[in-house]
Amino acid sequence: GAVVSQHPSRVICKSGTSVKIECRSLDFQATTMFWYRQFPKKSLMLMATSNEGSKATYEQGVEKDKFLINHASLTLSTLTVTSAHPEDSSFYICSANWLAGLDEQFFGPGTRLTVL
Amino acid sequence: TQLLEQSPQFLSIQEGENLTVYCNSSSVFSSLQWYRQEPGEGPVLLVTVVTGGEVKKLKRLTFQFGDARKDSSLHITAAQPGDTGLYLCAGASSNSGYALNFGKGTSLLVTP
Numbered sequence: 001g002a003v004v005s006q007h008p009s010r011v012i013c014k015s016g017t018s019v020k021i022e023c024r025s026l027d028f029q030a031t032t033m034f035w036y037r038q039f040p041k042k043s044l045m046l047m048a049t050s051n052e053g054s055k056a057t058y059e060q061g062v063e064k065d066k067f068l069i070n071h072a073s074l075t076l077s078t079l080t081v082t083s084a085h086p087e088d089s090s091f092y093i094c095s096a097n098w099l100a101g102l103d104e105q106f107f108g109p110g111t112r113l114t115v116l
Numbered sequence: 117t118q119l120l121e122q123s124p125q126f127l128s129i130q131e132g133e134n135l136t137v138y139c140n141s142s143s144v145f146s147s148l149q150w151y152r153q154e155p156g157e158g159p160v161l162l163v164t165v166v167t168g169g170e171v172k173k174l175k176r177l178t179f180q181f182g183d184a185r186k187d188s189s190l191h192i193t194a195a196q197p198g199d200t201g202l203y204l205c206a207g208a209s210s211n212s213g214y215a216l217n218f219g220k221g222t223s224l225l226v227t228p
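So the sequences go chain by chain: A and B.
No gaps in the numbering here: position 31 of the first sequence is 31 in this note's numbering, and each next residue is one more.
Just so we're on the same page, this note's numbering is the position in the second sequence counted from 1, plus 116.
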C-alpha cells in the first residue's frame with residue numbers, strides 16, 4: 001500500500017514552454033500532497049502543499065504563478081512549470097500523507113526536468 | 117521553519133564498518149522520519165519514531181529518538197555496499213501541519 005506515482009519520469013523542453021507533472025496516489029486517497037524540488041546531491045526543498053479542493057500553500061520564495069498546482073481529486077495533484085527557463089531544471093518530487101493526521105509521507109519516484 | 121542539522125554530510129567507509137548519522141534540532145518534533153534515497157529515485161521511508169527515547173531496529177539499522185524529541189540518530193552495523201545512498205531525516209511538528217522539515221542529508225558510500 002501507500003504507492004505514489006509520478007509522470008513523466010523525465011522531460012526535456014525548450015525555454016518558454018510549459019510542462020505539467022502529475023502526481024497520483026495509486027491505492028489511497030490523499031487530501032494533502034506535497035511538491036519538493038531537489039538539486040544534485042542536496043536535500044529536498046518543500047515548494048508547496050497541495051490541498052484537494054482548495055488553493056495550494058506555497059513556501060516563501062516560490063512563485064505561485066510560475067509553479068501552478070492543481071489538486072482536483074483525492075488521488076491527483078499536478079504541478080505545471082510555466083514559461084520554463086534553464087534554471088528551472090531540477091528533480092521534482094511529490095509526496096502524499098498516507099492517512100490524514102499522520103506525519104509519514106510516501107514519495108513518488110520523481111521527475112527529472114531539463115530545460116534547454 | 118524548524119532547522120534540522122544532519123551530520124556528517126558525506127561519509128565514505130569500507131564494507132563491514134559501523135557508522136552513525138546524527139540529526140539535531142533546537143525544536144521539538146511530534147515525530148521524526150528517516151528516509152533513504154538512491155540517485156534518480158524518490159526517498160523511501162525507513163522508519164518513523166514518535167516517542168521520546170524510542171529505539172527501533174530494522175535489520176542492521178538502529179534508529180533512536182532523543183528523550184526530548186529534538187534529535188535522532190541512525191546507526192548502521194556492518195555496512196554493506198547496498199547501504200549506499202542519501203539518508204535523510206525529516207521532522208514534523210504541530211506548527212508545520214503535515215509538512216516535513218528535512219535535514220541536508222548524509223551521502224553514504226560503502227565500498228567493497
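Here a beta-carbon is modelled for each residue, glycine too, at the ideal position from N, C-alpha and C.
- Per DSSP, reduced to three states, the secondary structure at Gly198(B) is helical.
- Of all C-beta pairs linking the region 191–207 of chain B to the region 90–98 of chain A, fewer than three are shorter than 8 Å, placing the two stretches out of contact.
- Annotation for Asn134(B): no beta strand (DSSP E) segment contains it, and DSSP assigns it neither H nor E.
- For His85(A), there is no enclosing beta strand (DSSP E), since its DSSP letter is neither H nor E.
- Inter-residue distance for Leu177(B) and Cys205(B) is about 14 Å (C-alpha atoms, whole angstroms).
- Here Leu174(B) is exposed. Its C-beta has fewer than 16 other C-beta atoms within 10 Å.
- Ile21(A) counts as buried, since at least 16 other C-beta atoms from the protein chains shown sit within 10 angstroms of its C-beta.
- In summary, the residues of the region 190–204 of chain B whose CB is separated from some CB of chain A by less than 7 Å are Leu204, in the order they occur in the chain.
- Listed along the chain, the chain B residues whose CB falls inside 7 Å of the CB of Ile93(A) are Gly158.
- Under the 8 Å Cβ criterion, the region 137–146 of chain B does not count as touching the region 32–45 of chain A, having fewer than three qualifying pairs.
- Residues of the region 72–94 of chain A with a Cβ closer than 9 Å to any Cβ of chain B, in chain order: Phe91, Ile93, Cys94.
- Residue burial annotation: Arg10(A) is exposed, with fewer than 16 other C-beta atoms found within 10 angstroms of its C-beta.
- Taking the beta carbon of Ala215(B) as reference, the chain A residues within 7 Å of it are Phe34, Leu46, Thr49, listed in sequence order.
- If you ignore the 5 residues before and after Gly132(B), its C-beta comes within less than 6 Å of the C-beta of Ala194, all in its own chain and listed in chain order.
- The distance from the Cβ of Phe181(B) to that of Leu148(B) is about 6 Å, consistent with a contact at the 8 Å cut-off.
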